[in-house]
Every structure is written in C-alpha cells, then in structure tokens.
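Read the structure below first, then the notes.
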Amino acid sequence: MSEPKPGLNSSRFQLFHFQLARSTRPLWMFLELKRLYEDSEGPFPSLSLHTFEVAEFRTHKPDWFLEINPNGKVPALVDREAVREAQSETPSSLTLWDGCAISLYLLDALDRDGRLAPRDPQYRAKLYQLCFYCSGTVDNLSASSSPIQRVMSDPLCGEQPAIVAQNQKAWKELCGPLLSEWLGEKTFMYGDEFSAVDVVVGCNLMWLHTKKDWVRNEFPSLYEYYKRLCDRKAFQEATHGRIDKTTGDLQAAGG
Ligand SMILES: N[C@@H](CCC(=O)N[C@@H](CS)C(=O)NCC(=O)O)C(=O)O
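In my numbering, the protein residues as written are 127 to 381.
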C-alpha cells in the first residue's frame, strides 16, 4: 500500500527522510543550529520529519512525493515561510531537494551570526568545496542506490560486488587519503572548533564505517575524528540513537 500524502502541520520546515539516509545530513545541520540558537533568540523555527519506510520507498515512490522531488530521493525540504523570511511578503512555500543544497539553505536561513559556518571567505570556500566533493563523489562510494535510481531495475544496485570493489579501491587509494590529509592533526575539519563542514564530512564517515567498515583500520585518524562526532547530542538525535557513542558502530533499531 502506498504512503499517504502527509497533511499540513504547523511546522515551518518539513523534511522527507528515512533513518540514516542522506537526509541525515540536513537534519543534523538543523539540530546543530537549533542547539546554537534556541536559547539565545527565543523560539526557533520548528521542523517536522516525514519518515518513509525504506524498503517500500526504494521500490515505490508516491506520486505526491515525485511532485516534490522528481528524482525520487530523500532528502527533500519544504519551507512554508521562505518568502516571508526573504522579503517580508505573505508567506509562501519553497521546495528544495539534494542534501547539501538543503544544508546550505538552512545555514543561510538560520545561521544568522555565522556560529556554525563562519562568514570568512577561506571558511566558505572549504564549506562549498566539501559540500560538492562529499555529495558528488564520496557519497557514491557507500551508496546502496544510484543517483539515477529511477531508471534502474535493481533497487540496491550500489551493492553489486563489482561496484563495491571499485568503490573500495577509490576510497582506499584516493578519497580516504585526501580527507585524511585535510584533517591532518586537527580536532575537527576546520580547526579546534566543530563547524558545518564536520556535518558534511561526518555523514560520509558514518556511512563508510557502518555500511562498509572501511574507516577503522585503513584511516585511524579519520576514525578517531568520527568517534568525536558520534558523541554530539545533535548527531545522536539525527541518527535516532542508532549509532554507538563510543565506537560509532550501528546498533539495532530501538537499541
Ligand atoms: N545527491 C542526493 C542523493 C540522495 C539519495 O541518494 N538518497 C537515497 C537515500 S541515501 C535514496 O533516496 N534512495 C532511495 C532510492 O533511490 O530509491 C542527496 O545528497 O540528497
């Protein structure tokens, strides 16, 4: 049976999601922003999650959702007050898909003082670079589906052995060394302070570790860095408590 279209609710943002999917990235970004701003500046905009059941979503995408994201992918975001935010007009809604685009949009809308993503050009350059590199290249190394899933017949085509072997080689010889070098001796990707780029890269490490186990032995400094991220409250909330805080391992649902 197909998922019913969600009714209207009072939240400003609605995020379409399934657990531990690419939608975790903008969800985690939102929750970090909420923690930074909600006490100091009154009520923080609310976000409601529409969570799909993953097996059904992979094989059947409701028509109402394809109108929101014709790629048939999560995440997608609806911002019911986008225009009011930008131009002080009557609120009208905006729809956006692709996880890093949504993450950057949330930073534009909510990170008014640049607390999570500093405004300086050096930082912004790194943020944009990591957003494009991580979502355009690194995400695909651990993906179960394909960016062009809607024209594929295998719902888990990313798990075919030849593709996994090629992705493992790419991770081990190219992308892993690159991210390792960017991290260097630092505590976080951009220095000693946690920031938005850690959300972007942290999601890759979560998928590469929990789905593939390609981080712990091959790249110990990236693994230590990933474990530092796992302890964050916003990360724990975005991953529904499914990731062990000290090992970064995946725990059974409800665990
Ligand atoms: N570039 C997209 C990729 C989104 C994506 O691949 N989402 C996966 C979940 S991780 C999905 O919806 N897969 C189900 C399918 O394609 O059937 C993004 O970062 O938002």
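Glycine included, every Cβ here is placed at the ideal spot set by N, Cα and C.
These figures come from a predicted structure and were not determined experimentally.
- If you draw a 10 Å sphere on the C-beta of THR372, you find fewer than 16 other C-beta atoms in it, and that means exposed.
- SER174 carries a strand assignment under DSSP once its states are collapsed to helix, strand and coil.
- Taking a contact to require three or more Cβ pairs closer than 8 Å, the segment 318-334 and the segment 234-253 qualify as touching.
- For VAL264 and ASP357, the gap between their C-alpha atoms comes out near 23 Å.
- According to the DSSP secondary-structure assignment, ILE369 is paired through a beta bridge with LEU376.
- The distance from the Cβ of ASP205 to that of PHE258 is about 22 Å, inconsistent with a contact at the 8 Å cut-off.
- According to DSSP, residue pairing for ALA202 in a beta bridge involves PHE142 and TRP223.
- Counting only beta-carbon distances shorter than 5 Å to the non-hydrogen atoms of ligand 1, the qualifying residues in chain order are ALA147, ARG148, ARG184, LYS199, VAL200, ASP224, GLY225, SER261, SER271 and GLN275.
- According to DSSP, residue pairing for GLY317 in a beta bridge involves PHE314.
- Each residue's CA atom was taken as its position, placing CYS283 and SER270 some 6 Å apart.
- Comparing alpha carbon positions, the residue from PHE156, LEU173 and GLN145 closest to SER229 is PHE156.
- Between TRP297 and SER306, the alpha-carbon positions lie close to 11 Å from each other.
- Membership of ALA147 in any alpha helix (DSSP H) is not indicated, and neither H nor E is assigned to it by DSSP.
- Only residues of its own chain outside the window of five on either side were considered, and among them ASP280 have a CB closer than 8 Å to the CB of GLN286, listed in chain order.
- Annotated three-state conformation of VAL341 is coil, per DSSP.
- Between the alpha carbons of GLY302 and VAL326 lies a distance of about 15 Å.
- In chain order, THR177, PHE178, GLU179, VAL180, PHE183 and VAL200 place their CB closer than 8 Å to the CB of PHE144, counting only its own chain and leaving out the 5 sequence neighbours on each side.
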